[in-house]
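A.B. asks: First the structure, which I've put down as structure tokens, then a few questions once you've had a look.
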């Protein structure tokens, strides 16, 4: 029992940010990773956050 029996991938399948984690893993994307759960505004929030990160020089490119 205990922590040794937990699949190390469990975190990428059980929380709201799982989809963005799977995309990052599949395409080898590294850097900040977040999921916006803002209802119908989620897409707009994602584009805004991506724009901010690029403008501030945190990232060179972003997937939103």
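In the working numbering, the protein residues as written are 149 to 212. Glycine is no exception: its CB is placed at the ideal position from the N, C-alpha and C atoms.
In whole angstroms, what is the alpha-carbon distance linking residue 177 and residue 171?
C.D. replies: Whole-angstrom Cα-Cα distance: 8 Å.
A.B. asks: Hey, how far is the Cα of residue 180 from the Cα of residue 211?
C.D. replies: Whole-angstrom Cα-Cα distance: 11 Å.
A.B. asks: Determine the contact status of residue 187 and residue 197, defining contact as a CB-CB distance below 8 Å.
C.D. replies: Not in contact: residue 187 and residue 197 (Cβ atoms no closer than 8 Å).
A.B. asks: Mind listing, in chain order, the continuous alpha helix (DSSP H) runs of no fewer than 4 residues lying wholly within the stretch 149-187?
C.D. replies: Those alpha helix (DSSP H) runs which fall completely within the stretch 149-187 and span 4+ residues are 159-162 and 166-175.
A.B. asks: What is the DSSP secondary structure of residue 207, counted as helix, strand or coil?
C.D. replies: Of the three classes helix, strand and coil, the one that applies to residue 207 here is coil, per DSSP.
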